[in-house]
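Asker:
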Amino acid sequence: MPSRGRWKANAPPKFKFSRKVSSSQLNPISGPNVADDVLERVSLYARAKKIQMVEKEPAKAIPLFWAAINAGDRVDSALKDMTILMQQLNRAAEAIEAIKSLRFLCSHQSQESLDNILLDLYMRCGRLDEHIALLRHKLFVLLQGLAFNGKRTKIGRSHGRKIQVSVPQEERRLLGNLGWALMLKGDYAEAAVSYKRALFMGHDNNMVCNLGFSLARQGRVAEAIEAFKKVGPTMPGGGTNLRSKNVDLRAFETAHGMLQRLKSLILPAPSMTVEKNNIEMASLFNEDKEEIFLQLPNNEEFEQTVMAAAILTPVVKDEIGSEW
């Protein structure tokens, strides 16, 4: 067995040997303030997350998130979690002001996630102008190559699943959401332009269906019918995800119902001699594929039908990444 001196000689460089300490030399931990000292060492953010996730009391967690932000304790995650809790407690307006006043304390990497939270809050509060302005700003930043923190892809979350999102996919999603917001505002012409730009990058049943709605509201009936005809029961080359198939099926059923609705509401122009009962979907175009101008009743019933049937483009949210 090698001697102690020989073992020391073979020890790695800069290796320090610990000195034995007897139990009598140790300072015992005692005193009434031990528990308080331990609690003080636990971060405010961790205590807030515990109240939120374990005790299930979001109203009590919000002040602790405020305290964590003021103390500089995980400010990015604290602000995101606090505003999401405010949204759940129907305090969306307060959450908007919190993000606007405190986002300068957050890192550059978290600004995109805060924008996505703001988009949800604006929609919940009915502040469509601000919602549309932020969507256009995000599109501008994306097209300038300043999004995704300089990366070509990012980790997103769709229907609870983590996915890789590329720049073209994000651009198409933003255009679809912009079209939806413009439809809610009543700007159907701009909505149609936004949907056409998105569909130029790839087929999507929801967007095609909503394009048909925006065209119908402008009285461009023939174009709307052609758009509805392009909605199939499944996406071309669609995946195996059951939720995606259900969304495609819903879009197909909605488009089919709107085709029938348009057929029943379309009235021929006074100069046309075609009888109303003989109008068929094929007669909307002549042999030269030139549009036959028809009159679409601009009544409240039709508008309610269109907006009730419209389908919101699925939202892909950023990964918040806050863990307790």
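Going by full-length UniProt numbering, 103 is the number at position 103 of the sequence shown; the sequence numbering is gapless.
Even for Gly, the Cβ is constructed at its ideal location relative to N, Cα and C.
1) Where does Leu39 sit, in a helix, a strand or coil, going by DSSP?
2) For a cutoff of 8 angstroms on Cβ pairs, would you count Leu199 as touching chain C?
3) Helix, strand or coil for Arg157, going by three-state DSSP, please let me know.
4) What residue range is occupied by the uninterrupted alpha helix (DSSP H) comprising Arg217?
5) By DSSP, does Gln144 sit in helix, in strand, or in coil?
6) Please state whether the Cβ-Cβ distance between Ser107 and Asp73 is less than 8 angstroms.
7) Who are the Cβ neighbours of Val141 in its own chain at under 6 angstroms, not counting the five residues just before and after it?
8) If you draw a straight line from the C-alpha of Arg136 to the C-alpha of Ser214, how long is it?
9) Just tell me which of Gln88, Ala181, Gln144 and Asn90 has its CA closest to the CA of Leu134.
10) Which value, in whole angstroms, describes the spacing of the CA atoms of Leu296 and Gln218?
11) Look up Lys230 in the DSSP assignment and say whether it is helix, strand or coil.
12) Quick one: Cα of Arg173 to Cα of Lys49, how far?
13) Does the beta-carbon distance from Ala78 to Ile69 come in below 8 angstroms?
Answerer: On the basis of the supplied data:
1) Model confidence at Leu39 stands at a pLDDT of 49, short of 50, so the residue's coordinates are unreliable; what they give is reported in the following sentence. DSSP, read as helix, strand or coil, puts Leu39 in helix.
2) The structure shown contains no chain C, having only a single protein chain.
3) Three-state result, Arg157: strand.
4) For Arg217, the uninterrupted alpha helix (DSSP H) run begins and ends at Asn205 to Arg217, by DSSP.
5) Gln144: coil per DSSP, three-state reduction.
6) In this structure, Asp73 does not lie closer than 8 angstroms to Ser107 by Cβ.
7) Excluding positions up to five away in sequence, the list reads Ala147.
8) So the two alpha carbons sit approximately 19 angstroms from each other.
9) It is Ala181.
10) Residue placement at Leu296 is poorly supported in this model, since its pLDDT is 39, which falls under 50; the coordinates still yield a value, given next. Those two C-alpha atoms are separated by around 9 angstroms.
11) DSSP places Lys230 in the coil class of the three-state scheme, outside both helix and strand.
12) One C-alpha to the other measures close to 31 angstroms.
13) Yes.
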